[in-house]
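In this note's numbering, the protein residues as written are 6 to 85.
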C-alpha cells in the first residue's frame, strides 16, 4: 500500500525527570518539506492535569490491522 507523504505529525511531549512542573502536551509538527514551517511545532495541545501519562496513547484501530484497507486509523486516543 502506498499513500501520500504525511504533512503533519502528532507527538506526545512528556515532562518526566526534567524539573518542569507543567502538563504534558500533544505537539503538532509540520513535516511538509514545501512548507515555511517545516520541522516546526505549529500547535501545542496541553493536557488538563499534571502527569497525565500522555505516552499511553493509541489509535481507534490497532496496528495489527495493518494491511487491511477497510480499517481507518483516523482518531488519536489520549488519556486525561
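For each residue, glycine too, the CB sits at the ideal point set by N, CA and C.
Considering only DSSP beta bridges, list what residue 35 is partnered with. Residue 35 is bridged to 13.
Euclidean distance between Cα positions of residue 17 and residue 9: Residue 17 and residue 9 have their alpha carbons spaced roughly 23 Å apart.
Could you tell me which of 77, 59 and 80 sits nearest to residue 31, measuring between CA atoms? Looking only at 77, 59 and 80, the smallest Cα-Cα distance to residue 31 is reached by 59.
When we look at the beta-carbon of residue 37 and count the other beta-carbons within 10 Å, is it buried (16 or more) or exposed? Exposed, because fewer than 16 other Cβ atoms sit within 10 Å of the Cβ of residue 37.
Close beta carbons around residue 27, own chain, < 6 Å, minus the five adjacent residues each side: For residue 27, where only same-chain residues beyond five positions count, the Cβ hits under 6 Å are 20.
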